[in-house]
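Letter by letter, the sequence shown follows residues 6 to 239 in the working numbering.
A virtual CB, placed ideally from N, CA and C, is assigned to each residue, including glycine.
Treat the numbers as computed from the prediction; the structure is a model and nothing was measured.
Each remark here refers to the structure printed beneath this line.
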Amino acid sequence: MTNCYRFADVNIRITYINEAVNLYCKDYRTDEPADFAVIIEQKDIDYERSRAEHSGFSDAYLETLAVYRKIAERMPQYDACLLHGSAIAVDGAAYIFTAASGTGKSTHARLWRELLGDRAVMINDDKPFIRVHSDGTAAAYGTPWDGKHHLSRNIAAPVRSVCILERSAENHIRQITKEEAFPMLLRQIYRPADPEALSKTLKLIDRLNVKLYRLGCNMESEAAEISYNTMKEE
6 MTNCYRFADV NIRITYINEA VNLYCKDYRT DEPADFAVII EQKDIDYERS RAEHSGFSDA
66 YLETLAVYRK IAERMPQYDA CLLHGSAIAV DGAAYIFTAA SGTGKSTHAR LWRELLGDRA
126 VMINDDKPFI RVHSDGTAAA YGTPWDGKHH LSRNIAAPVR SVCILERSAE NHIRQITKEE
186 AFPMLLRQIY RPADPEALSK TLKLIDRLNV KLYRLGCNME SEAAEISYNT MKEE
């Protein structure tokens, strides 16, 4: 089975085994000509099973992971990379929260939604694509790989800032340099196995020219107030 889908303004023809892939990606279907093709074979599903924390995952689910991995390997050629983080749009601008797993990215994004109501829209709560333009500005794009809460939309927004979260009893935020942010960004960005694609990914991080912050936060509403009021400033 084959269909074409559009992620981060790139059209990708996917040949898949299980219909679950089409159902998973249905909101991203396109009839436009493909920029490149991805073909999933059983060996790709078997590879995902070898990496999985649990052995009970179905082939259908593992195939969706195989699809995202093959796409992420190719996207640096189109100035885009996959970031493990929560991307939320407020008044048309994207804010991205990234951190080690379990720190509270999704919880903090939820606090923003509670604070800002309908002004805040989730782009993706786990794996948005980030496309870095030649001038260093960037855009965040929704993908169907959106975490356990399944919060995402097929939308895009220009990135205003990226914030690295850390747990703290007291809420505090400061702007940081790219040098300070680089180690965490490198851990959280999908790193392709192909050396050329990896090199391109590192160049995309280096080219990124958006405001960067480090937020020490608890899981209370004040954390959202402090981070939003600081990060919204031009």
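- [ ] With DSSP as the reference, label G122 as helix, strand or coil.
- [x] G122 falls in the helix class under three-state DSSP.
Task: For Q47, the first and last residue of its enclosing alpha helix (DSSP H) - done: Unbroken alpha helix (DSSP H) run through Q47: Q47 to R56.
TODO: Name the two residues that bound the continuous beta strand (DSSP E) containing P200.
DONE: Judged by DSSP secondary structure, P200 falls outside any beta strand (DSSP E) and instead within the alpha helix (DSSP H) spanning P200 to R212.
- [ ] Out of L213, A13 and A144, state which residue places its alpha-carbon closest to the alpha-carbon of A77.
- [x] Just measuring C-alpha positions, the residue of L213, A13 and A144 sitting nearest A77 is A13.
Open item on the list: Check whether the stretch 120 to 130 and the stretch 90 to 98 touch, using three or more Cβ-Cβ pairs below 8 Å as the test.
Closed with: Verdict: yes, contact present.
Task: Between the CA atoms of V215 and C86 - distance to the nearest angstrom - done: CA-to-CA, the gap between C86 and V215 works out to about 15 Å.
Open item on the list: Cutting at 8 Å between CB atoms, please list the residues of its own chain near R172, excluding the five before and the five after it.
Closed with: Non-local C-beta neighbours of R172 in its own chain, meaning closer than 8 Å and more than five positions away in sequence, comprise T108, G109, G221, C222 and N223, ordered along the chain.
Task: Close-in-space but distant-in-sequence residues of the same chain around S111 (CB under 7 Å, 5 per side omitted) - done: If we look at S111 and ignore the five residues flanking it on each side, its Cβ neighbours are S91, D130, G152 and H154.
- [ ] Using only alpha-carbon positions, find the residue among T20, N16 and V15 that is nearest to M6.
- [x] The closest CA to that of M6, considering only T20, N16 and V15, is found on T20.
Open item on the list: Can you tell me whether K132 is helix, strand or coil according to DSSP?
Closed with: The DSSP-derived three-state label of K132 is coil.
Open item on the list: Quick check: what's the CA-CA separation for S139 versus R212?
Closed with: Rounded to whole angstroms, S139 to R212 spans 8 Å at the Cα level.
Task: Cα-Cα separation between P197 and Q47, rounded to whole angstroms - done: Going by the C-alpha atoms only, they are around 21 Å apart.
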